[in-house]
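This report refers to the structure that appears directly beneath it.
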Amino acid sequence: MDKLRTYDWALFKGKMYPLSTERDVLVSDNSDDLKIGFELQIDYTFGNYYTRPIKPLEVDSAYHVENWGTVDGFKLRIMNYLDGVYYLMVDEKNEAMVKHFGVKPTGYDYLSTSVGKKDEEILDIWEVRTPIKGFPFREPSEVYLKFDGVWLI
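Heads up: the sequence shown at position 64 corresponds to 82 in our numbering, and the numbers run straight through without jumps.
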């Protein structure tokens, strides 16, 4: 899953950082970022990290990321990755997809309508990037990470 990003990201001074839109801060695990205004946050439970308050126009681009994959000709959203398995959500409203993957729709829980697939079973993987309100967005809206079975990153 190192290759996959989720949630909100911002390009700042040529580097991508996780972005907390609730607090408008960039997050880093690299102490070198202290040189560009990040501050140490001490966390005894999860480990120390660094944050930098940010105004929307200080970043070059910011966006929300979802990951998608193609399995057996179907496009599914990648919800999780654990122990070498990607968990992809089956669209309960797509009867052909539900039948193909053999899931039972519940209407409320993506875990019960997800399928686990190993890397070699997923033909394509791509990011879908959507703008974050108030922040600049200067990126392609879709970026392939894996295409036709070959990782591009």
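Glycine included, every Cβ here is placed at the ideal spot set by N, Cα and C.
Per-residue burial, residue i [other beta carbons within 10 Å of its own, 16 or more giving buried]
i     : result
GLY91 : exposed
MET19 : Any reading at MET19 needs caution, since the residue's pLDDT is 46, under 50, leaving its predicted position unreliable; the model's value is listed next. Classification for MET19: exposed.
GLY87 : buried
TRP27 : buried
ASN85 : buried
LEU94 : buried
PHE56 : buried
For residue i, three-class secondary structure by DSSP
i      : result
THR124 : coil
ASP50  : helix
VAL116 : helix
GLU138 : helix
LEU75  : helix
THR39  : coil
LYS24  : The displayed chain sequence assigns Thr, not Lys, to residue 24. Note: THR24 maps to coil in three-state DSSP.
Nearest-angstrom beta carbon gap, residue j and residue i [assumed within contact, 8 Å]
i      : j      : result
PHE155 : TYR81  : 6 Å
GLU145 : VAL89  : Contact flag wrong, Cβ pair sits at about 17 Å.
VAL116 : VAL133 : No, VAL116 and VAL133 are not in contact; Cβ-Cβ is about 11 Å, not under 8 Å.
Beta bridge counterpart(s) of residue i as assigned by DSSP
i      : result
ARG95  : TRP86 and MET107
ASP61  : Beta-bridge pairing links ASP61 to no other residue.
LYS164 : ILE143 and TRP169
ARG70  : LEU44
PHE30  : LYS33
SER132 : MET107
PRO158 : BP columns for PRO158 are empty, so no partner.
How about the region 96-112 and the region 27-38: do they share at least three Cβ pairs that are nearer than 8 Å? no
Inter-stretch contact at 8 Å, needing at least 3 Cβ pairs: the region 64-78 / the region 135-146: no
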